[in-house]
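Peer 1: Have a look at this one before I ask anything.
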Amino acid sequence: MTPAAAIAALDRQLSAHGATVTLRRRIGESEAFVDLVMRARIKPGRPMQLTGGIVQVRSEFILSPTPITAAGASWPGAAGGVVWPATGDFLVVQARERRIEHADPFAFGGDVVRIDGMIEG
0 MTPAAAIAAL
10 DRQLSAHGAT
20 VTLRRRIGES
30 EAFVDLVMRA
40 RIKPGRPMQL
50 TGGIVQVRSE
60 FILSPTPITA
70 AGASWPGAAG
80 GVVWPATGDF
90 LVVQARERRI
100 EHADPFAFGG
110 DVVRIDGMIE
120 G
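Numbering of the sequence shown is given in numbering that gives the first Met the number 0, commencing with residue 0 and proceeding in unit increments.
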């Protein structure tokens with residue numbers, strides 16, 4: 000299987016079975032963000048009860064590189080910074096902003112074919 004075929008297969012699966020999410024990145028230290036709507040697989044975790052009745056959930060995610068590369072220069076990082084989702088970026092899932100705790104771009108044949116990670120919030 001080629002990297003392009005692996006990405007195409009992931010895109011088909013996310014299109015058929017994924018959820019619509021928004022990948023969100025802060026621009027520098029400003030209050031401005033750039034949003035990128037895409038499909039993702041979200042595997043819900045178990046809710047954790049924090050103090051004061053606050054509930055927090057850790058969930059796993061899988062993203063395709065396709066919408067990120069298609070965004071080109073409109074996505075921060077395209078001009079030489081970190082392109083792939085990273086700790087501190089956000090995923091908005093079902094209208095709830097969740098912080099990316101870690102993201103791991105998986106490369107195959109020299110190309111990133113998917114991004115796995117964990118969100119919390």
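All residues carry an ideal CB built from backbone N, CA and C; glycine is no exception.
In this text the structure is predicted, and so the values were computed from the model without any measurement.
#1: Run through DSSP, which three-state label would Asp10 get?
#2: When you compare each of Pro46, Gly108 and Ile118 to Pro128 by their alpha carbons, which one comes out closest?
#3: Which residue marks the beginning of the alpha helix (DSSP H) containing Ala70, and which one marks its end?
#4: By the 10 Å Cβ neighbour count, where 16 or more other Cβ atoms means buried, how is Val36 classified, buried or exposed?
#5: With C-beta atoms as the reference, is Ala31 less than 8 Å away from Leu90?
#6: Check whether the Cβ of Leu62 lies closer than 8 Å to any Cβ atom in chain C.
#7: Suppose you measure from the CA of Ala7 to the CA of Glu96; what does that come to, to the nearest Å?
Peer 2: In short:
#1: Within the sequence shown, residue 10 is the residue found at index 11, counting from 1. In this structure, Asp10 counts as helix in the three-state DSSP scheme.
#2: Shown here, the chain extends from 0 to 120; a query on residue 128 therefore has no answer.
#3: Here residue 70 refers to the residue found at position 71 when the sequence shown is read from its first residue. Ala70 -> alpha helix (DSSP H) spans Thr65 to Ala70.
#4: What you label residue 36 is simply residue 37 of the sequence shown in a count that begins at 1. With fewer than 16 Cβ atoms within 10 Å of its Cβ, Val36 is classed as exposed.
#5: Within the sequence shown, residue 31 is the residue found at index 32, counting from 1. Within the sequence shown, residue 90 is the residue found at index 91, counting from 1. Cβ atoms of Ala31 and Leu90: not closer than 8 Å.
#6: The displayed structure is made up of one protein chain only, and chain C is not part of it.
#7: What you label residue 7 is simply residue 8 of the sequence shown in a count that begins at 1. What you label residue 96 is simply residue 97 of the sequence shown in a count that begins at 1. The straight-line gap from Cα to Cα measures roughly 28 Å.
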